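Only one structure is covered here, and it is reproduced in the block below.
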Amino acid sequence: MPTSLSLALNLTGNNLNGSIPSQLGAATQLEILDLSNNNFTGTVPNSFFALKSLTELVLSNNRLLSGLLPPLNPKTIVSFAGTGILNNSASAQGNVHRKRKSSTVLIVVVVIVGIFAGFLLIAAIFGLIMSKRM
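All you need for my numbering is the position in the sequence shown, starting with 1, plus 2.
If you want it as structure tokens, here you go:
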């Protein structure tokens, strides 16, 4: 049983069109909002500023979205590939950079652990060969 639950709204791929409803800004407990792969037009509502619990906002592949992102929670990761949105928000820029940096660190750690595991495997095989010779 999970110790905590996330409040998420996933509306991806529903062929929704028109403006993103500004009323979504009233869902202040929302943590994840995925509006990707729809046909939304216009800009991201300024009411999204009220989404203080939001940790992930996915707007990708809404080709007719444009304009500037409103100020968001600095911890919010924003995905807006395939849109006309301009990334003016310092928090969004920091989050995009932080996401890239954390994935780079993860790759480096995985490679180092893999190399270490390889050396351990070679040492174990060498140890087995040496013990059979004696």
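Note that beta-carbon positions come from the ideal geometry of N, C-alpha and C, so glycine has one too.
Quick caveat: nothing in here was measured; it's all calculated off a predicted structure.
Between the CA atoms of residue j and residue i - distance to the nearest angstrom
i	j	result
Phe82	Gly129	53 Å
His99	Leu13	Any reading at His99 must be qualified, since the residue scores a pLDDT of 45, below 50, and its modelled position is unreliable; no value is offered.
Thr106	Val115	14 Å
Val1	Ala126	Examination of residue 1 is not possible in this model, given that the chain is present from 3 through 136 alone.
Pro23	Val111	42 Å
Arg135	Val113	33 Å
Thr56	Leu37	For the sequence presented, residue 56 should be read as Leu rather than Thr. Leu56 and Leu37: Cα-Cα distance of roughly 13 Å.
Ile131	Leu108	35 Å
Asn48	Asn16	23 Å
Beta carbon of residue i nearer than 7 Å to that of residue j
i	j	result
Leu9	Gln25	no
Phe42	Asn64	yes
Thr85	Leu67	yes
Ile142	Glu58	The shown model of the chain, from 3 to 136, leaves out residue 142, and the question about it has no answer.
Completely contained beta strand (DSSP E) runs for the stretch 9-33, where each covers 3 or more residues: 10-12 and 19-21
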